[in-house]
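Let me begin by presenting the structure, written as structure tokens, before commenting on it.
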Amino acid sequence: MWHFIFGNLTWAALPHEWFTIGGTAAMFLMAGAVVGWLTYARRWRWLWSEWLTSTDPKKIGVMYIIMASLMLFRGALDAAMIWLQQAMSVGASHGYLSADHFQQIFTAHGDIMVFFVTMGFLAGLLNIILPLQIGARDLAFPFLNSLGFWLYVAGAVFVNLFFVFGGEFAATGWLSLPPLSELAYSPGVGMDYWIWSLQISGLGSLIAGINFIVTILKMRAPGMTLMKMPMFVWSSLCSMVLVVSVFPILAVTIGLLWLDRFFGMHFFTSTGGGNPMMYVNLIWMWGHPEVYILVIPSFGIFSEVVSTFSQKKLFGYASQVAAAIGITLLAMLVWLHHFFTMGAGADVNAFFGIMTGVIAIPTGVQIFDWISTMYKGKIIFTQSLYWFLGFVATFTFGGVAGVLMSSPAADFQFHNSLFLVAHFHTMVIGGALFGIFSGLTYWFPKVTGFKLNERLGKTAFWFWLTGFFTAFVPLYILGFMGATRRLDHYTDPAWQPFFITAGIGLVIIAIGAAVQIAQLIVSIRQRRDNLDISGDPWNGRTLEWSTKSPPPFYNFAVIPEVKSRDAFWEMKQGGRPQPVYQDIELPKNTAMGIYVSAFVFLAGFGFVWHIIWLIVLGLGGAVTCVIIRALDEETEYTVTAAELASMENNHS
Amino acid sequence: MNEALPAIGFQRQERVAFGFWVYLMTDLISFAALFAAFSVLRGSTFGGPDGADLFNLPFVFAETMLLLVSSFTCGLAVLAAEQNKQPRALIWLAVTFLLGGGFLALELNEFSRLVAEGNGPQRSAFLSAFFALVGTHGLHIAVGLLWMAVVALVIWRRGLSSKNFSNLLRLGLFWHFLDIVWIFIFTIVYLMGVL
Numbered sequence: 001m002w003h004f005i006f007g008n009l010t011w012a013a014l015p016h017e018w019f020t021i022g023g024t025a026a027m028f029l030m031a032g033a034v035v036g037w038l039t040y041a042r043r044w045r046w047l048w049s050e051w052l053t054s055t056d057p058k059k060i061g062v063m064y065i066i067m068a069s070l071m072l073f074r075g076a077l078d079a080a081m082i083w084l085q086q087a088m089s090v091g092a093s094h095g096y097l098s099a100d101h102f103q104q105i106f107t108a109h110g111d112i113m114v115f116f117v118t119m120g121f122l123a124g125l126l127n128i129i130l131p132l133q134i135g136a137r138d139l140a141f142p143f144l145n146s147l148g149f150w151l152y153v154a155g156a157v158f159v160n161l162f163f164v165f166g167g168e169f170a171a172t173g174w175l176s177l178p179p180l181s182e183l184a185y186s187p188g189v190g191m192d193y194w195i196w197s198l199q200i201s202g203l204g205s206l207i208a209g210i211n212f213i214v215t216i217l218k219m220r221a222p223g224m225t226l227m228k229m230p231m232f233v234w235s236s237l238c239s240m241v242l243v244v245s246v247f248p249i250l251a252v253t254i255g256l257l258w259l260d261r262f263f264g265m266h267f268f269t270s271t272g273g274g275n276p277m278m279y280v281n282l283i284w285m286w287g288h289p290e291v292y293i294l295v296i297p298s299f300g301i302f303s304e305v306v307s308t309f310s311q312k313k314l315f316g317y318a319s320q321v322a323a324a325i326g327i328t329l330l331a332m333l334v335w336l337h338h339f340f341t342m343g344a345g346a347d348v349n350a351f352f353g354i355m356t357g358v359i360a361i362p363t364g365v366q367i368f369d370w371i372s373t374m375y376k377g378k379i380i381f382t383q384s385l386y387w388f389l390g391f392v393a394t395f396t397f398g399g400v401a402g403v404l405m406s407s408p409a410a411d412f413q414f415h416n417s418l419f420l421v422a423h424f425h426t427m428v429i430g431g432a433l434f435g436i437f438s439g440l441t442y443w444f445p446k447v448t449g450f451k452l453n454e455r456l457g458k459t460a461f462w463f464w465l466t467g468f469f470t471a472f473v474p475l476y477i478l479g480f481m482g483a484t485r486r487l488d489h490y491t492d493p494a495w496q497p498f499f500i501t502a503g504i505g506l507v508i509i510a511i512g513a514a515v516q517i518a519q520l521i522v523s524i525r526q527r528r529d530n531l532d533i534s535g536d537p538w539n540g541r542t543l544e545w546s547t548k549s550p551p552p553f554y555n556f557a558v559i560p561e562v563k564s565r566d567a568f569w570e571m572k573q574g575g576r577p578q579p580v581y582q583d584i585e586l587p588k589n590t591a592m593g594i595y596v597s598a599f600v601f602l603a604g605f606g607f608v609w610h611i612i613w614l615i616v617l618g619l620g621g622a623v624t625c626v627i628i629r630a631l632d633e634e635t636e637y638t639v640t641a642a643e644l645a646s647m648e649n650n651h652s
Numbered sequence: 653m654n655e656a657l658p659a660i661g662f663q664r665q666e667r668v669a670f671g672f673w674v675y676l677m678t679d680l681i682s683f684a685a686l687f688a689a690f691s692v693l694r695g696s697t698f699g700g701p702d703g704a705d706l707f708n709l710p711f712v713f714a715e716t717m718l719l720l721v722s723s724f725t726c727g728l729a730v731l732a733a734e735q736n737k738q739p740r741a742l743i744w745l746a747v748t749f750l751l752g753g754g755f756l757a758l759e760l761n762e763f764s765r766l767v768a769e770g771n772g773p774q775r776s777a778f779l780s781a782f783f784a785l786v787g788t789h790g791l792h793i794a795v796g797l798l799w800m801a802v803v804a805l806v807i808w809r810r811g812l813s814s815k816n817f818s819n820l821l822r823l824g825l826f827w828h829f830l831d832i833v834w835i836f837i838f839t840i841v842y843l844m845g846v847l
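Protein sequence lines, in the order shown, are assigned to chains V and B.
The first sequence: position 327 = 327 (my numbering), numbered continuously.
The second sequence: position 189 = 841 (my numbering), numbered continuously.
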């Protein structure tokens, strides 16, 4: 009877170790604080109807960014714990973490930073900026947008739920390679939490990918041909094409791993004829393009930022487009470089090695284009441009390390070493994350209506940049010295100073992050001094600056007519026509995305703990909700031309 | 549809249709990954039976015929709806539903026979891959049947509005798509397994 109701869930699964008790207490405290404030301020209805059920991409985007910031904090705590352990655990000392706990931490760190931080920030920026840049009022499928966000949230909850139920996360590394991740070697629920957090948030990413592609290809303002799209739109399109191309592979791969674990099948087991190496191939067919999914939109952000703050047209637009498409195609032809040592043979390794090296060419083209854009421009050194300049330094540095490793012969030496760890952190932090920071500071006034404090932003940048090199250059050196990745203990005392230096770097980065929080608070307090009245604080070139800051819920009262690449720049030169208002239709709010995700979450919980009735309830509920939503005939409302005119005239 | 659609409604339907095509392509990639897994593992019988021992081609041929004919009748339903002949469209949808249901029944029969003989998905990597690939297709068929029932019900109650018609068109796309995937399953799993 117990097993029927609770599956494998027992009292022993509840928190009883210091980190699960601490994590659970922290989560309850934070939730309690939020609930308390909402109740005290009587904001529940406001939260529900203005934000949670909203289908407005600007609001969904802001929710993505808040969620990603929270997860960044969580992932950074993991990083700090890893570093502390590695700084302490030498020779006779074994640090403060058990080997198993250490493994769980670096697994969670990797998954959180990729799936819930970087993907979250990107989804947020795309939601906010993309419709504005193409002159649209909404995404193609507002309900699916809401659903995608809530699936992302459900996945994020799964990554943290083990604190409360189960007490362990996967201890298998961020990609959970079998046979280690099979039931025989990872019998606990941590592995199942990993599967369902990725499966559910991956489904959200796939839905978002389809939505953005349709939006870009079908909803551009009249006159905006493909070759007149802003570079951020192009890079988003490339990134989303990669999403829809490879996320199905991820879903199948971890689906098969789940079949192995749940039904005792033999896809990747070491018995029964299973083939663990097939998993390694499949997961990297997703995993390598995923890296480009993260970084290509950042390239687009830099194109916007560099062009705006050089007050010049982007240099080599067509070559930038070609480079973005080239990277997209090459991204799918390099996955094997993650396991040159598997033994695929010299010919196969040579092919993938060359393909990997070739990626440096389109990336280099983009960097030269940006620098050429700055050449003879009237450059304004804002914080957004600082992040770009920092990116050029870090990304070139890490990119050259990557080209070094693309040679199979060299890779046999660097494989699985801290050199590799340093390389991909350089790409993801120095590439994707710096781009996100650049974009967040650049578009912040568009979203909120006031600018961020410049001085604190630049201070934060310098902390981040110096902290970054202090933290990761020692890892490159350690890699050369023979330190492998994922070490919870080492015997050579000569390594310790490097690990400690890396730890100091982390502290410097943390100061940078603290300055960013201070920057946000100070900017909010001083917002009246930094208001963006015109909607165009940077003398921008693209359509998002042609509407007010923050934009009205309908984005544009009149859909703009696009004649050239820098559409808004041209309008400013020519003067704008008198607006003629028409009735517009906008999507109503819906809570269905929340309901569907909640049911999917329940089903996932049932799968983790083998609670059959919960699985049936969750899946049945989700399907029922989708059908109810599909039968709803009235998902939109009309804003009449008269209402539009009065709103426009009141604001301006 | 004969009724003139307002421009906004038309744009929206076009968006939905395009989005559905993109979704179908993502689903095709899922199947491609499953086919790849099956191809890698088809020889890994681990001392158990292989395709030649297990598959009964006439039986699978019957399944195939049911599905192919159901694709044809689904097309007839769409054609009838296009000519605004609602009762005829509903009848063809019902026929399609029965044929699809028959296919699913045969497939479940095959699965239960295999499991009863001790050749379930746990037996070997080959059988794991077989059940996963064919089962995923079967799951899609089941979803398609549910969708078909809902579409038929809505058309019966609310008539052939442009929204319901475009819904029916997408169901048709989905159904033909599953048919194409089945052709590959029939060829790669069954024919190449036996011959």
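Note that the Cβ used here is the ideal one computed from N, Cα and C, for glycine as well.
Just so we're clear, the structure is a prediction, and the values are computed from it rather than from any experiment.
Below-8 Å beta-carbon distance, residue i vs any chain B residue
i         : result
Asn349(V) : no
Met647(V) : no
Gly135(V) : no
Asn275(V) : yes
Ile354(V) : no
Pro248(V) : yes
Cβ-Cβ distance between residue i and residue j below 8 Å
i         : j         : result
Val721(B) : Gly824(B) : no
Phe683(B) : Val833(B) : yes
Met71(V)  : Val291(V) : no
Phe368(V) : Phe302(V) : no
Leu452(V) : Gln526(V) : no
Met231(V) : Gln103(V) : no
Arg528(V) : Asp566(V) : no
Asp679(B) : Pro493(V) : no
Phe826(B) : Gly796(B) : yes
Pro187(V) : Leu242(V) : no
Gly658(V) : Thr20(V)  : The requested residue 658(V) is not part of the displayed model; chain V covers only 1 to 652.
Collapsed DSSP secondary structure at residue i in the structure displayed
i         : result
Ile359(V) : coil
Ser417(V) : strand
Tyr842(B) : helix
Phe165(V) : coil
Tyr637(V) : strand
Phe267(V) : coil
Leu151(V) : helix
Leu440(V) : helix
Tyr386(V) : helix
Phe302(V) : helix
Leu478(V) : helix
Residue i versus the options, residue with shortest Cα-Cα distance
i         : options                                       : result
Gln366(V) : Ile327(V), Gly202(V) and Ser176(V)            : Ile327(V)
Asn127(V) : Leu144(V), Val114(V), Ile112(V) and Phe115(V) : Leu144(V)
Gly204(V) : Met240(V), Met647(V), Leu465(V) and Pro587(V) : Met240(V)
Gly457(V) : Ala514(V), Trp18(V) and Phe499(V)             : Ala514(V)
Thr215(V) : Asp138(V), Pro276(V) and Ser406(V)            : Asp138(V)
Phe397(V) : Gly223(V), Leu256(V), Tyr476(V) and Trp83(V)  : Tyr476(V)
Pro445(V) : Asn8(V), Pro550(V) and Thr53(V)               : Pro550(V)
Phe299(V) : Leu206(V), Gly430(V) and Phe351(V)            : Gly430(V)
Thr697(B) : Ser780(B), Gln665(B) and Met677(B)            : Ser780(B)
Pro497(V) : Gln516(V), Ser523(V), Thr470(V) and Ile508(V) : Thr470(V)
Minimum Cβ-Cβ distance from residue i to chain V less than 8 Å
i         : result
Phe713(B) : no
Val802(B) : yes
Leu657(B) : With a pLDDT of 44 at Leu657(B), under the threshold of 50, the modelled position of this residue cannot be trusted, and the question is left open.
Distance cut-off 7 Å: residue i Cβ against heavy atoms of the ligand ZN
i         : result
Trp234(V) : No copy of the ligand ZN appears in this structure; indeed no ligand is present at all.
Worksheet entry | Inside the segment 665 to 708 of chain B only - alpha helix (DSSP H) runs reaching at least 4 residues | 703 to 706
Worksheet item: Where in the segment 548 to 627 of chain V do unbroken runs of the beta strand (DSSP E), each at least 3 residues long, occur, reported from the N-terminal end onward?
Response: 584 to 587
Worksheet item: Along the chain, which unbroken stretches of the alpha helix (DSSP H) at least 4 residues long are found entirely within the segment 273 to 338 of chain V?
Response: 276 to 309 and 317 to 331
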